[in-house]
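Colleague: This is the structure, below, for whatever I ask next.
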Amino acid sequence: MRDGHIHTPFCPHGSSDPLERYVERAIALGYTDISFTEHAPLPERFIDPTPERDSAMNSRELERYLAAVSDIKARYRNDITIRVGLEVDFIPGFEEETARMLDEVGPLLDDSILSVHFLPCRGQYVCIDYSADMFAHIIRLFGSVERVHRAYYETVRQSIRAELGRYKPKRIGHMTLVRKFQRRFPCPEPMTEWMVAILDDIERFGGELDGNGAGLAKPLCLEPYPPTQIIAEAQRRGIPIVYGSDAHCAADLHQGRDAMDRGALFVDNGGAPSYNEPK
Numbered sequence: 029m030r031d032g033h034i035h036t037p038f039c040p041h042g043s044s045d046p047l048e049r050y051v052e053r054a055i056a057l058g059y060t061d062i063s064f065t066e067h068a069p070l071p072e073r074f075i076d077p078t079p080e081r082d083s084a085m086n087s088r089e090l091e092r093y094l095a096a097v098s099d100i101k102a103r104y105r106n107d108i109t110i111r112v113g114l115e116v117d118f119i120p121g122f123e124e125e126t127a128r129m130l131d132e133v134g135p136l137l138d139d140s141i142l143s144v145h146f147l148p149c150r151g152q153y154v155c156i157d158y159s160a161d162m163f164a165h166i167i168r169l170f171g172s173v174e175r176v177h178r179a180y181y182e183t184v185r186q187s188i189r190a191e192l193g194r195y196k197p198k199r200i201g202h203m204t205l206v207r208k209f210q211r212r213f214p215c216p217e218p219m220t221e222w223m224v225a226i227l228d229d230i231e232r233f234g235g236e237l238d239g240n241g242a243g244l245a246k247p248l249c250l251e252p253y254p255p256t257q258i259i260a261e262a263q264r265r266g267i268p269i270v271y272g273s274d275a276h277c278a279a280d281l282h283q284g285r286d287a288m289d290r291g292a293l294f295v296d297n298g299g300a301p302s303y304n305e306p307k
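Residue 307, in the working numbering, is where the sequence shown stops; the numbers in between run on with no holes.
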């Protein structure tokens with residue numbers, strides 16, 4: 029029982045639940061292995077497009093976050109495996125800054141995830157998962173729902189191919205996050221070929237997949253990221269799949285897990301850190 033994607037009180041858009049509450053609930057649910065993967069600080073020159081600019085941890089909090097998770101990892105070492113991790117944003121145009129950050133913090137991590145939340149469009153960046161109203165604005169900027177989806181999947185593919193150094197995360201986070209508001213803004217095209225192309229890239233570069241249960245709890249999504257059929261295809265190819273609750277409060281732990289377990293088997297990566305070793 030592993031959960032490889034958990035947030036913390038250091039998340040500006042999350043809850044104030046203490047780390048101990050997450051750990052105790054994970055143990056009660058039967059988990060033996062969890063990763064705290066807080067949103068890594070965004071590049072200094074990147075302007076967060078969300079109204080509260082609260083998409084990620086402030087850089088001044090990073091050292092304190094790493095110390096806090098390392099401390100709780102040691103305190104609970106006899107009860108559960110706890111991994112110190114980060115969810116790192118891939119932002120086109122900010123690859124050098126992201127690689128420098130990973131070079132600095134990578135040696136301190138046990139685990140990491142590479143995710144896309146932001147897309148460039150018409151000289152600005154937009155956050156695709158902030159709210160349904162903001163997604164409606166994004167559709168207007170791009171011109172159609174299909175164009176938003178294509179841009180998102182192409183950016184995910186860029187993230188897999190990007191050169192981000194020896195500590196680049198191997199696990200791709202919520203690879204279909206663009207479907208978060210699909211019941212209000214359905215995409216006329218299934219986009220299956222784009223999802224399969226992402227699996228092709230993950231397979232080619234030896235990556236992993238975040239089997240993310242959070243979408244099942246979102247009323248305008250009601251499916252995991254990615255959908256079950258894509259998880260099944262990844263499993264068929266032997267791509268390691270790590271379940272992630274994407275919990276932003278302790279009560280979120282295990283969300284979507286039972287439904288996903290009925291359709292797919294989650295495979296651990298043998299305990300190895302989820303970043304690429306140097307070639």
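Here a beta-carbon is modelled for each residue, glycine too, at the ideal position from N, C-alpha and C.
1) Who does residue 67 pair with in a DSSP beta bridge?
2) By how many angstroms is the C-alpha of residue 222 removed from the C-alpha of residue 247?
3) Distance, Cα to Cα, residue 80 vs residue 203?
4) Take residue 54 as the anchor and find which of 281, 286, 285, 288 has the nearest alpha-carbon.
5) Pick from 152, 287, 237: whose alpha carbon is nearest that of residue 77?
6) Please check the pair residue 7 and residue 272, which I expect to be a contact at CB under 8 angstroms, by giving their CB distance rounded to whole angstroms.
7) Can you look up residue 237 in the DSSP assignment and give me helix, strand or coil?
8) State whether the region 213–231 contacts the region 167–174, with contact taken as three or more CB pairs (one from each stretch) at a distance under 8 angstroms.
9) Kindly indicate the opening and closing residues of the alpha helix (DSSP H) around residue 229.
10) Would you check if there are 3 or more beta carbon pairs closer than 8 angstroms linking the region 152–166 to the region 182–190?
11) Note down, in chain order, each residue of its chain lying with its Cβ closer than 6 angstroms to the Cβ of residue 243, except the 5 sequence neighbours on either side.
12) Nearest to residue 59 by CA position, among 208, 270, 37, is which residue?
13) In chain order, what residues of the same chain lie with their CB nearer than 7 angstroms to the CB of residue 180, ignoring the 5 residues before and after it?
14) Counting along the chain, where does the beta strand (DSSP E) carrying residue 136 start and finish?
15) Please report the Cβ distance between residue 238 and residue 201, rounded to the nearest whole angstrom; I am assuming they are in contact, meaning their Cβ atoms lie under 8 angstroms.
16) To which residues of the same chain is residue 43 closer than 8 angstroms at the C-beta, ignoring the five residues directly before and after it?
17) Run through DSSP, which three-state label would residue 282 get?
18) With respect to 7 angstroms, is the separation between the Cβ of residue 38 and the closest non-hydrogen atom of the ligand NAP below this value?
19) According to DSSP, which residues form a beta bridge with residue 109?
20) From which residue to which residue does the alpha helix (DSSP H) around residue 173 run?
21) Can you tell which of 227, 198, 199, 84 has the C-alpha that lies nearest to the C-alpha of residue 263?
22) If you draw a straight line from the alpha carbon of residue 255 to that of residue 284, how long is it in whole angstroms?
23) I need the straight-line Cα distance from residue 109 to residue 94, nearest angstrom please.
24) Using DSSP's beta-bridge definition, name the partner residues of residue 269.
25) When you compare the CB of residue 219 with every CB in chain C, is at least one pair closer than 8 angstroms?
Modeller: In short:
1) Indexing the sequence shown from 1 puts residue 67 at position 39. Paired residues: 115.
2) Start at 1 with the first residue of the sequence shown, and residue 247 comes out as number 219. Start at 1 with the first residue of the sequence shown, and residue 222 comes out as number 194. Answer to the nearest angstrom: the Cα atoms are 24 angstroms apart.
3) Against the sequence shown, residue 80 aligns to sequence position 52. Against the sequence shown, residue 203 aligns to sequence position 175. Between residue 80 and residue 203, the C-alpha separation is close to 25 angstroms.
4) Position 26 of the sequence shown, counted from the start, is the residue given in the question as residue 54. When each option's Cα is compared against that of residue 54, the closest is 281.
5) Indexing the sequence shown from 1 puts residue 77 at position 49. The option with the nearest alpha carbon to residue 77 is 152.
6) The structure shown does not extend to residue 7, since the chain is modelled only from 29 through 307, so no value can be given for it.
7) As a working mapping, residue 237 is identified with position 209 in the sequence shown. If DSSP states are grouped into helix, strand and coil, residue 237 belongs with the strands.
8) yes
9) Residue mapping note: residue 229 aligns to position 201 of the sequence shown, counting from 1. It spans 220–232 - the alpha helix (DSSP H) in which residue 229 sits, taken as one unbroken run.
10) no
11) For the purposes of this step, residue 243 is taken as the residue at position 215 of the sequence shown. Here the set comprises 249, 251, 252, 253.
12) Position 31 of the sequence shown, counting from 1, holds the residue named residue 59. Of the candidates 208, 270, 37, the one whose C-alpha sits nearest the C-alpha of residue 59 is 270.
13) The residue you call residue 180 lines up with position 152 of the sequence shown. Excluding residues within five positions, the ones whose Cβ falls inside 7 angstroms are 144, 147, 156, 206.
14) Sequence index remark: in the sequence shown, residue 136 carries index 108 (1-based). Note, residue 136: premise wrong, no beta strand (DSSP E); not H, not E.
15) Counting from one through the sequence shown, the residue named residue 238 turns up at place 210. Counting from one through the sequence shown, the residue named residue 201 turns up at place 173. With a Cβ gap of about 5 angstroms, residue 238 and residue 201 count as contacting.
16) Translated into the one-based positions of the sequence shown, residue 43 becomes position 15. Taken in chain order, the residues that qualify are 37, 276, 277, 278.
17) What you label residue 282 is simply residue 254 of the sequence shown in a count that begins at 1. In this structure, residue 282 counts as coil in the three-state DSSP scheme.
18) Of ligands this structure carries none, so the ligand NAP is not represented either.
19) On the sequence shown, residue 109 is found 81 positions in, with the first residue counted as 1. According to DSSP, which records beta bridges pairwise, residue 109 is partnered with 61.
20) On the sequence shown, residue 173 is found 145 positions in, with the first residue counted as 1. Segment 173–189, the alpha helix (DSSP H) holding residue 173.
21) Taking the sequence shown and counting its residues from 1, one reaches residue 263 at position 235. Checked all of 227, 198, 199, 84; the closest Cα to residue 263 is 227.
22) Within the sequence shown, the letter at position 227 stands for residue 255. Within the sequence shown, the letter at position 256 stands for residue 284. One C-alpha to the other measures close to 12 angstroms.
23) In the sequence shown, counting from the first residue as 1, residue 109 sits at position 81. In the sequence shown, counting from the first residue as 1, residue 94 sits at position 66. Cα-Cα distance, rounded: 16 angstroms.
24) The residue given as residue 269 occupies position 241 in the sequence shown. Answer is 237, bridged to residue 269.
25) In the structure shown, chain C does not exist; there is a single protein chain.
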